[in-house]
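Going by numbering that gives the first Met the number 0, the sequence shown opens with residue 0, and the numbers climb by one from there.
Just so it is clear, CB atoms sit at the ideal spot from N, CA and C, and this is done for glycine as well.
All of these numbers come straight from a predicted model, not from anything done at the bench.
Contents: one structure, followed by commentary.
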Amino acid sequence: MERAALLVRRIDDEAGAAALAAWRAPETGAEGAPGRDVVALAVRYTLQRLAEAAPGRTVEVRVPPYGAVQAVEGPRHTRGTPPNVVETDPATWLALATGALAFADAVAQGRVEASGARADLTALLPVDPAASRPASPRTPPATMDG
0 MERAALLVRR
10 IDDEAGAAAL
20 AAWRAPETGA
30 EGAPGRDVVA
40 LAVRYTLQRL
50 AEAAPGRTVE
60 VRVPPYGAVQ
70 AVEGPRHTRG
80 TPPNVVETDP
90 ATWLALATGA
100 LAFADAVAQG
110 RVEASGARAD
120 LTALLPVDPA
130 ASRPASPRTP
140 PATMDG
């Protein structure tokens, strides 16, 4: 028999969006850095959005000390360290989740540790509905020629 999943209360979209807006506030000229509670809620909300957008247990995404999720459909991991792990700090995760930073750039800069054949989250980011997808360094710009 499979173990029951831990019940985790879903973060309301309104509360999550408010946390993301508060996290972004210093970028828009508002005073003060967001508090720990705001950052924690924003991280957990964006991890939740990732898990909802890409359900599965193939990749574990860790953002210590605030949260971790398993996501992405594929071979299921059941014991020990998962074969596909992405780990980063809260500021980098939120930059990725909101489209302010491309996944490939974060990996190249050493801001993200990604291990495993399925640990590339490029196609899944950003998860913030207010964000636009960052330009991929591997994709040439579109031309008018076609």
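Supposed close pair residue i, residue j - CB separation, criterion 8 Å
| i | j | result |
| --- | --- | --- |
| ALA105 | LEU95 | 6 Å |
| ALA70 | VAL60 | 6 Å |
| LEU40 | ALA14 | 7 Å |
| ARG56 | ILE10 | The Cβ separation is near 20 Å, so there is no contact. |
| THR45 | LEU120 | Their Cβ separation, rounded to whole angstroms, is 12 Å, which puts THR45 and LEU120 out of contact at 8 Å. |
Pairwise C-alpha distance: residue j and residue i
| i | j | result |
| --- | --- | --- |
| THR91 | ASN83 | 19 Å |
| PRO63 | PRO89 | 7 Å |
| THR97 | LEU123 | 11 Å |
| ALA162 | GLY66 | The chain is shown from 0 up to 145; residue 162 falls before or after that span and cannot be answered. |
| PRO139 | ALA101 | For PRO139, the predicted model reports a pLDDT of 37, less than 50, meaning its position is unreliable and no value from the coordinates is stated. |
| ARG8 | GLN47 | 10 Å |
| ALA134 | ALA99 | In this prediction, ALA134 scores a pLDDT of 49, lower than 50, which makes its location untrustworthy; the coordinate-derived value is nonetheless stated afterwards. So the two alpha carbons sit approximately 10 Å from each other. |
Reduced DSSP category for residue i - H, G, I as helix; E, B as strand; rest coil
| i | result |
| --- | --- |
| ARG56 | coil |
| GLU13 | helix |
| ALA101 | coil |
| VAL179 | Beyond the ends of the chain as shown, which are 0 and 145, falls residue 179; an answer cannot be given. |
| ALA130 | coil |
| PRO25 | helix |
Neighbourhood of residue i by C-beta, 7 Å cutoff - its chain only, sequence neighbours within 5 removed
| i | result |
| --- | --- |
| ARG110 | THR87 and THR91 |
| ASP12 | none |
Residues near residue i in its chain [Cβ-Cβ closer than 8 Å; skip 5 each side]
| i | result |
| --- | --- |
| ALA21 | PRO33, VAL37 and ALA41 |
| ARG78 | none |
| ARG23 | THR97 |
| PRO25 | GLY31, ALA32 and PRO33 |
### Task
Identify every run of the beta strand (DSSP E) within the stretch 65-124, keeping only runs that are complete inside it and at least 3 residues long; order them along the chain.
66-70, 84-87 and 111-114
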